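Participant:
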Amino acid sequence: MKLIKTLTALSFVGIILSSCGEAKKEEVVEEVVTTEEAVPVVETPNLVGVASSNADFSTLVAAVGAAELVETLSGEGPFTVFAPTNAAFEKLPAGTVETLLKPENKEKLTSVLTYHVVAGKFEAAQVIEAINTNKGKFEVATVQGEKITLSLEDGKVVLTDAKGGKSTVVLPDVPASNGVIHAIDSVVMPK
1030 MKLIKTLTAL SFVGIILSSC GEAKKEEVVE EVVTTEEAVP VVETPNLVGV ASSNADFSTL
1090 VAAVGAAELV ETLSGEGPFT VFAPTNAAFE KLPAGTVETL LKPENKEKLT SVLTYHVVAG
1150 KFEAAQVIEA INTNKGKFEV ATVQGEKITL SLEDGKVVLT DAKGGKSTVV LPDVPASNGV
1210 IHAIDSVVMP K
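Residues are numbered in the numbering used here as their position in the sequence shown, beginning at 1, plus a constant of 1029.
(1) Using the three-state DSSP reduction, which class does VAL1216 fall into: helix, strand or coil?
(2) Measure the beta-carbon distance from VAL1198 to ILE1213 and round it to whole angstroms, keeping in mind my assumption that it falls under 8 Å.
(3) Whole angstroms are fine: how far does the CA of SER1215 sit from the CA of VAL1126?
(4) Leaving aside the five residues before and after LEU1142 along the sequence, list all residues of the same chain whose C-beta is less than 7 Å from its C-beta, in chain order.
(5) Go ahead and pull the three-state DSSP assignment for PRO1107.
(6) I'd like the list of long-range same chain contacts for PHE1118, defined as Cβ closer than 7 Å, with 5 residues on each side in sequence excluded.
(7) Kindly indicate the opening and closing residues of the beta strand (DSSP E) around THR1196.
(8) Using a threshold of 8 Å, state whether the C-beta atoms of THR1109 and VAL1209 are closer than that.
(9) Roughly how many angstroms lie between the CA atoms of LYS1164 and ILE1157, to the nearest whole one?
(10) Check this for me: beta carbons of PRO1113 and ALA1153, under 8 Å apart or not?
(11) In chain order, what residues of the same chain lie with their CB nearer than 6 Å to the CB of LYS1120, ignoring the 5 residues before and after it?
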């Protein structure tokens, strides 16, 4: 009987101790609050927007406006534009730009400008690869319809127009949302 009392007492103590050990545990919930700052999304402007934001292309931008090509060059594209700088336009004979900008010469101006545009986006590395793959010269069809020949001279891309005039790419790969601009140092002319 003494053994049963001892066992009973030990059992009772065990129950008390185990119930004390199971005291309610408080769960600590840590709340993490994150705030997201609005990061402004900066979109690359289209070809016209890029040219308009660069003072070196002001003559080109005026010509694109006079030819009513703003909407076309702001379109989906993609386009590759060999863009004459202001200095390139200054190389033309005196009065040429002013004459081209007159409303009665819109068709000729449009022809000259679209001769500087190729359908598709062709970055400098692709252009150089095409030139090298085609034995040093690569002809491309312009949006105007005539072809222009691309080659390399002293490691730079050179455009040769239908009249044999040449222009060198002076700043390649200016990105735009609907294509790429390669600045050139002379205006190229169709036939």
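For each residue, glycine too, the CB sits at the ideal point set by N, CA and C.
No experiment lies behind these values; they were computed from the predicted model shown.
Facilitator: A quick look at the data gives this:
(1) Coil.
(2) Contact flag correct, Cβ pair sits at about 6 Å.
(3) Spanning the two alpha carbons is a distance of roughly 13 Å.
(4) Within the same chain, LEU1142 has close Cβ partners ALA1092, VAL1093, ALA1096, LEU1098.
(5) Here DSSP, grouped into helix, strand and coil, assigns PRO1107 to coil.
(6) Once the five neighbours on either side are set aside, the close Cβ partners of PHE1118 are THR1088, VAL1126, VAL1216.
(7) The sequence shown places Ser at residue 1196, not Thr. Where SER1196 is concerned, the enclosing beta strand (DSSP E) starts and stops at 1195-1205.
(8) In this structure, VAL1209 lies closer than 8 Å to THR1109 by Cβ.
(9) Taking the Cα positions, LYS1164 is about 11 Å away from ILE1157.
(10) The Cβ-Cβ distance between PRO1113 and ALA1153 does not fall below 8 Å.
(11) Contacts found: SER1215.
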